[in-house]
Amino acid sequence: MDARARYINSHIADIRFVHGFCNDNARAAACEYHEKIFEIMKCPLSIDIECVASHVKLLLAKLEKKLNQQTFVKTTAVKSNVMEALNEKLSSSVKENNNLKKKGNLFRTKIKYRRKRETKHNLIYLGIQEMDKTETELVEYIKELIVGAGVHLDSQEINCVQRISRWTEKKNRPVVVSFSFIWQKRLIIKNKTNFLQGIYIKEDSPKEIFEKKRKLQVQVEEERKKGNFA
Numbered sequence: 002m003d004a005r006a007r008y009i010n011s012h013i014a015d016i017r018f019v020h021g022f023c024n025d026n027a028r029a030a031a032c033e034y035h036e037k038i039f040e041i042m043k044c045p046l047s048i049d050i051e052c053v054a055s056h057v058k059l060l061l062a063k064l065e066k067k068l069n070q071q072t073f074v075k076t077t078a079v080k081s082n083v084m085e086a087l088n089e090k091l092s093s094s095v096k097e098n099n100n101l102k103k104k105g106n107l108f109r110t111k112i113k114y115r116r117k118r119e120t121k122h123n124l125i126y127l128g129i130q131e132m133d134k135t136e137t138e139l140v141e142y143i144k145e146l147i148v149g150a151g152v153h154l155d156s157q158e159i160n161c162v163q164r165i166s167r168w169t170e171k172k173n174r175p176v177v178v179s180f181s182f183i184w185q186k187r188l189i190i191k192n193k194t195n196f197l198q199g200i201y202i203k204e205d206s207p208k209e210i211f212e213k214k215r216k217l218q219v220q221v222e223e224e225r226k227k228g229n230f231a
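Position in the sequence shown (first residue = 1) + 1 = the working numbering.
Set out below in structure tokens:
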């Protein structure tokens with residue numbers, strides 16, 4: 002076998018391998034390359050090996066171009082599929098997140114409304130001493146305070162009483178009192194100056210409203226220190 006044949010045969014395995022995995026365009030280029038190889042093999046031996054090599058290189062370049070095109074098409078398709086899948090997943094996640102936000106806002110609104118409704122009939126008493134009274138005894142004691150302030154009230158018109166915050170020896174815990182009717186609460190507020198010395202009352206409010214009132218109260222005190230009316 003001459004040098005030309007050995008050179009050409011060295012590429013035959015590559016051509017057969019191309020047929021196994023390439024698309025139609027690449028296979029067509031490989032077939033063309035294959036045919037040209039055998040045409041070169043039929044040429045007279047007088048053809049210079051360098052000329053043969055030149056033809057083979059041109060054919061290889063053409064085949065490589067086809068393979069690169071195939072690789073580019075496949076890579077582009079893969080990128081497109083990946084981006085499409087990511088966009089679909091991202092869109093689904095954004096939609097789910099928005100739904101969760103809506104549900105969260107609705108839940109907070111319901112809690113806020115419920116808390117406001119629950120505190121509507123409540124008053125908070127400050128300054129009532131810790132006397133280890135039972136709930137019934139505490140109800141009677143508060144009823145006597147209210148009656149002493151000039152407001153007629155029966156024990157049955159007090160729904161419940163409850164001390165709030167942690168117990169400490171240094172101060173008395175506030176007492177939340179819930180009344181059956183809101184007009185009773187308003188009447189008690191109207192007569193709040195008639196309570197015993199050291200006993201104070203304030204309206205119960207949701208935490209958000211309480212924080213706003215506290216901040217406003219701080220501003221009021223600062224304005225009063227400046228001599229402004231507030």
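Yeah, the Cβ is synthetic: ideal placement off N, Cα and C, and Gly gets one too.
In this text, all values refer to a predicted model and were calculated from it rather than measured experimentally.
Ranked by Cα distance from residue 189, the options 124, 166 and 107 are led by 124. Here residue 152 is near residue 192, since their CB atoms are less than 7 Å apart.
Short of 8 Å from the beta carbon of residue 149, and not among the five residues preceding or following it, lie these beta carbons of its own chain, in chain order: 195, 196 and 197. Where residue 124 is concerned, the enclosing beta strand (DSSP E) starts and stops at 123–127.
In the three-state DSSP reduction, residue 165 falls in the coil class, being neither helix nor strand. Put simply, the backbone Cα of residue 165 is about 6 Å away from that of residue 176.
Three or more beta-carbon pairs separated by less than 8 Å link the segment 202–215 to the segment 116–131, which places the two stretches in contact. Burial is judged here by how many other beta carbons sit within 10 angstroms of a residue's own beta carbon; residue 112 has fewer than 16 and is exposed.
Under the three-state reduction of DSSP output, residue 180 falls in the strand class. Of 132, 199 and 159, the smallest CA-CA separation from residue 169 is found for 132. Residue 143 and residue 95 do not touch by the CB rule: their CB atoms are close to 54 Å apart, not below 8 Å. In the DSSP assignment, residue 171 forms no beta bridge with any residue. The continuous alpha helix (DSSP H) containing residue 143 extends over residues 136–149. Under the DSSP assignment, residue 227 falls outside any beta strand (DSSP E); it carries neither an H nor an E label.
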